[in-house]
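Protein chains in written order, with the numbering used here: chain A, 1 to 308; chain B, 1001 to 1545. Just so you know, even glycine gets a beta-carbon here, dropped at the ideal spot from N, CA and C. Accompanying notes for the structure given below.
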C-alpha cells in the first residue's frame, strides 16, 4: 500500500512540477514528499524562507534527523567578522536549520566550529549565538582546546594517515555542514569541503607540510556530512577566506546530500575574482570527485530550482 | 568592622580586576585603585613632567588622609588586607619579638620614598618597584589570574564526565584560554617575600618599607581622629605589644601619629578600656614628628638622583636608536612611555589575546615590567582597545577603536630565507589569509608567486607573525619600524598624513588571485597581466585547475 501511495504522489508531484515550471515558480505542498528525487535544491530568496524551502525540497529535515538524536551543525564562524563581510555563514540560515532540527525532534543541536580568530570575538561578531539564543536545546560552541578532539585513522588517506576531529562530530549520529560561499586564496573557493578543516585540530600542516587539496579530499573520505546547505545568500568573491573583499549577493541557498555537487554548483553561481569557473576547475573538488566522493558536473544533476 | 571593610575593599579590588578585560564598559574605571594611589600619581607626574588627568584622583586620598588620618593603610589598601589576612593564616600562632632595629628600620620607608621621588624628578619611573597598588596588581595579573584560570579549567575537567552525563552541553564544553606571562615566578617571589617578612614582625612591609605609607604618614598627624589614653591606664603595655604598626612608644600614653593607622587594635586589647579615638585638632607634640635625620635625607636624595642617572645609562637603558620592542597601540613615545608607565600590569591583564607581556631586561632597568607585544605568542585583536582604557597614567592612551586601528605599532617584514613560499616553493599563504587589511599580496616573481608586504597597509597587528607555520621564529615578523607614537592628537590624521590605509579593501589581492586561486586557461595565463611567459609555473596554480 505504501508503495502504491508513493507512486501516485510521485507522479502527481511530477505533473505539478511540470506545471509549475511552465507557469514559472509555483510552490506546492506536494514537494514535501519529493524524497531523494533531486540531487540539489537551489532556492533563491531571503535567508530564512530560502533555507526552509531548501530543506523541504531536499526531502524535509526529518529525512536526516530522527527523534531524540543529537545533531551537529557546522557553519563557518571562524572569523570575527559581521555577516555582511560574507566570511561567515549567515546567522539566519544557521538558526533556521537549527530550529528545523529541534522541530523534527532532535534531542539537542550543537552548532560547532574550530575558529581561526579568537573564539569569543567570533561568536560575538558572527551573530550566530545571538540568533540561536532563544531556541532551547541549541548550543553554539567554539572548541579551542585539544581535549575536545579525538584522533581517527584515515584508511584511504593519501597525504594524511590520521587526524584529530571534534569528538561531538564523531559521536553524533547526524551532522550537517552549513558553509558560506567564499573565495579562498589557497584553494580557490572555500565551501563545504574546505569547511571540513574547521572540524579538525591541526590545520597549519595543511598549508605548510602537505598538499592542501589532497588533504581536503582525505578529510572527505572520513568526514561525510549527512547534508550540506551552502549559504550563497552572499558570496565573498575575492579577498577570501577572511575578507575583506568583494561581496556579491546571489541570494541562493543550495542544499544537497552530495557535498561535491553542492560545492560544484556553488562555484558556478558567481564569477570568482571576476571570472567564471566550473567545479571541475577547483582542484580540491576535482580531486575529491576523482576519489569518488561525489558528482562534480552540475549539468548531470537533477536540480530543483525555485524562487521564494 | 575593620575586617569587614578590609574584606570589602579586597573584594572590590578583585572585582574591578576581573572586569578589566575586553568589553570593559566605558563608565567603569577598573584602574581606580591605581588612580587613587598618590605615590604612583606623583611618580608619573614628576617623571613625565606634566599633569596627568587620571592621577589627580590621588588628591582624594591625600584629602581624606589630611582630614581623617592614615586610615587608608588599615581599611582600604588591598595590599594591607592581603598582608593582614595571610598573616592570620600563616603566623597567627608564632611568637614574634619586636625588632631591636625598630627605630632605624622605620626610617627606611622614608628613604625609599625620597629615592623614588628624586628618581622620578631625575626622569626615572621607579616607584613601581615597591608601590603596594602596583605590586599587588602585578601579583594578581602575573600570578593569581593565570593560576585561577588553571584551577577553574581543572575543575571543569574533573566534572566534565558528570556534566556530559547530565547533558549540560555548555558546561561540558567550557574551557577558558590559559593566560601565560613571562614574569610570573619573579612576581610571585617578591610577593611571597613581603608576606614572609611578617614572620619577623606584623606588617613588616607597612611599618618599614612601604613608600606609599611613608607618603601618607606625612599628612597623618593632621587627621582629626587621634588616639587618647585616659588616667585609667595601668601601663600593662598590652597595647604597645599588640600594635601592628609599632606606633605606641615606651610610654603607652603617647602615639607616634605618623605611624598610627587607626586600626584600633589597642582599643580592643586594653583591659582598662582606657583608650579612645576622639576627634582632636591638636598636633600631638613630639610624637607627630617623623624621626628622620638630615643626613639620611641627604643620602637618599643623592641615592635617588644617582639611581635616576644610572638608570638612564647603558646597560640600564638601551640607547634610543636601539629600541626594538613593539609597544601596545596607543603607547606614547618611548621616552615618555618609560617615564609614565607605572608597571601595574593592568594592560596585560586586560589584553584579550595575551599578546601583552612584561619586559624583564629587554629595554633595560628603566623598562622592567613594561608591556611589550609578543606577536609570535598572540596577535593584537583589531576589535579591542581595552589596554588604553585601563591604563591609570595613560602611558597607553585610551582611544576609540578607529584611532587604535591607526595607532600603527610596527610593520611586518618577510624573511625570505625562512618563508616556505620564498625558500621552499611551498603553497603557503597563511599570512595572506589571516591579514585583516590585505597588507600581504602575492605577486609573480620569475614565474613564481611570492608574498609581499605592503607596508602602508600594515599596522603591525601581528596576525601574520603569530600564524606563520614555520617552526620556531616566524618567517614574517613585526618590527617597530613605521610605528606611530603620539603624545596627543589623532592617529587617524597622522596615518592619513603618512598615506597609510588600514581598510577592508581587496585591492591588489583581486588581481593577484586571478592567477593564483583558479586554474586559468593557458592562453589567458600567457596573455594576462605581464606574467613572464618563458618560465612556466612549477606547480598548478592554487586551488583551481
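Span of the alpha helix (DSSP H) around residue i
{"i": "residue 1146 (chain B)", "result": "1145–1165"}
{"i": "residue 260 (chain A)", "result": "259–269"}
{"i": "residue 1188 (chain B)", "result": "1184–1196"}
{"i": "residue 1139 (chain B)", "result": "1132–1139"}
{"i": "residue 289 (chain A)", "result": "283–290"}
{"i": "residue 1240 (chain B)", "result": "1238–1242"}
{"i": "residue 1346 (chain B)", "result": "1346–1350"}
{"i": "residue 1180 (chain B)", "result": "Unbroken run through residue 1180 (chain B): none, as it is neither H nor E."}
{"i": "residue 1063 (chain B)", "result": "1058–1068"}
Neighbourhood of residue i by C-beta distance below 6 angstroms, restricted to the same chain and skipping five residues each side
{"i": "residue 1352 (chain B)", "result": "1022, 1381 and 1384"}
{"i": "residue 1261 (chain B)", "result": "1070, 1073, 1074 and 1245"}
{"i": "residue 203 (chain A)", "result": "197"}
{"i": "residue 1458 (chain B)", "result": "1411, 1412 and 1439"}
{"i": "residue 58 (chain A)", "result": "41 and 255"}
{"i": "residue 1280 (chain B)", "result": "1226"}
Cβ neighbours of residue i in the same chain (closer than 8 angstroms, five flanking residues each side left out)
{"i": "residue 1394 (chain B)", "result": "1052, 1053, 1054, 1332, 1340 and 1388"}
{"i": "residue 103 (chain A)", "result": "61"}
{"i": "residue 1402 (chain B)", "result": "1492"}
{"i": "residue 118 (chain A)", "result": "80"}
{"i": "residue 1277 (chain B)", "result": "1225, 1226, 1227, 1228, 1262, 1264 and 1267"}
{"i": "residue 1308 (chain B)", "result": "1118, 1119, 1120, 1121, 1122, 1123, 1124 and 1126"}
{"i": "residue 1523 (chain B)", "result": "Note on residue 1523 (chain B): pLDDT 37, under 50, position unreliable in the model; the coordinate value appears next. Cβ neighbours of residue 1523 (chain B) beyond the five flanking positions: none."}
Same chain, Cβ closer than 7 angstroms to residue i, five either side skipped, listed in chain order
{"i": "residue 1456 (chain B)", "result": "1499, 1500 and 1501"}
{"i": "residue 1019 (chain B)", "result": "1028 and 1030"}
{"i": "residue 170 (chain A)", "result": "150 and 152"}
{"i": "residue 1329 (chain B)", "result": "1380, 1404, 1407 and 1409"}
{"i": "residue 1229 (chain B)", "result": "1252, 1253, 1274 and 1275"}
{"i": "residue 1171 (chain B)", "result": "1163"}
{"i": "residue 1472 (chain B)", "result": "none"}
{"i": "residue 1428 (chain B)", "result": "1420, 1421 and 1469"}
{"i": "residue 1236 (chain B)", "result": "1271"}
{"i": "residue 1434 (chain B)", "result": "1463, 1464 and 1467"}
{"i": "residue 1372 (chain B)", "result": "1325, 1326, 1327, 1357, 1359 and 1362"}
{"i": "residue 1479 (chain B)", "result": "1410, 1411 and 1413"}
Bounding residues of the beta strand (DSSP E) (the contiguous stretch that carries residue i)
{"i": "residue 1081 (chain B)", "result": "Taken as a continuous stretch (DSSP letters only), residue 1081 (chain B) belongs to no beta strand (DSSP E), being part of the alpha helix (DSSP H) at 1078–1091."}
{"i": "residue 44 (chain A)", "result": "40–44"}
{"i": "residue 109 (chain A)", "result": "108–113"}
{"i": "residue 1561 (chain B)", "result": "For chain B, the structure presents residues 1001 to 1545; residue 1561 (chain B) sits outside this window and is missing."}
{"i": "residue 151 (chain A)", "result": "149–153"}
{"i": "residue 215 (chain A)", "result": "Where residue 215 (chain A) is concerned, there is no enclosing beta strand (DSSP E), although the alpha helix (DSSP H) it sits in stretches over 212–222."}
{"i": "residue 69 (chain A)", "result": "Element bounds for residue 69 (chain A): n/a, residue is neither H nor E."}
Helix, strand or coil at residue i [DSSP, three-state]
{"i": "residue 33 (chain A)", "result": "Since pLDDT at residue 33 (chain A) reaches only 48, below the 50 mark, its modelled position is unreliable, and no value is offered."}
{"i": "residue 1312 (chain B)", "result": "coil"}
{"i": "residue 139 (chain A)", "result": "strand"}
{"i": "residue 14 (chain A)", "result": "helix"}
{"i": "residue 159 (chain A)", "result": "coil"}
{"i": "residue 1294 (chain B)", "result": "helix"}
{"i": "residue 1523 (chain B)", "result": "Per-residue confidence for residue 1523 (chain B) stands at a pLDDT of 37, beneath the threshold of 50, marking its modelled position as unreliable; the derived number appears in the next sentence. If DSSP states are grouped into helix, strand and coil, residue 1523 (chain B) belongs with the helices."}
{"i": "residue 1213 (chain B)", "result": "helix"}
{"i": "residue 1331 (chain B)", "result": "strand"}
{"i": "residue 1301 (chain B)", "result": "helix"}
{"i": "residue 307 (chain A)", "result": "strand"}
{"i": "residue 1235 (chain B)", "result": "coil"}
{"i": "residue 300 (chain A)", "result": "helix"}
{"i": "residue 1485 (chain B)", "result": "coil"}
{"i": "residue 120 (chain A)", "result": "helix"}
{"i": "residue 237 (chain A)", "result": "coil"}
{"i": "residue 1357 (chain B)", "result": "strand"}
{"i": "residue 1228 (chain B)", "result": "strand"}
Ignoring anything shorter than 4 residues, give me the alpha helix (DSSP H) runs that lie fully in the region 1003–1045 of chain B, in order along the chain.
1032–1035
What are the start and end residues of each continuous beta strand (DSSP E) run of 3 or more residues lying completely inside the region 168–197 of chain A, in chain order?
174–178, 180–184 and 188–190
Unbroken beta strand (DSSP E) runs of length 3 or more, entirely within the region 1367–1446 of chain B: which are they?
1371–1373, 1411–1414 and 1440–1445
Counting Cβ pairs closer than 8 angstroms, one from the region 1482–1499 of chain B and one from the region 1404–1417 of chain B, do we hit at least three?
yes
For the 8 angstroms Cβ check, are there 3 or more pairs between the region 248–255 of chain A and the region 42–61 of chain A?
yes
Just checking, does the region 141–160 of chain A make contact with the region 263–282 of chain A on the three C-beta pairs under 8 angstroms criterion?
no
Is it true that the region 127–139 of chain A meets the region 212–221 of chain A, where meeting means three or more beta-carbon pairs spaced less than 8 angstroms apart?
no
Okay, do the region 178–188 of chain A and the region 227–236 of chain A touch, 3+ Cβ pairs below 8 angstroms being the bar?
The answer is yes - the region 227–236 of chain A touches the region 178–188 of chain A, with three or more Cβ pairs under 8 angstroms.
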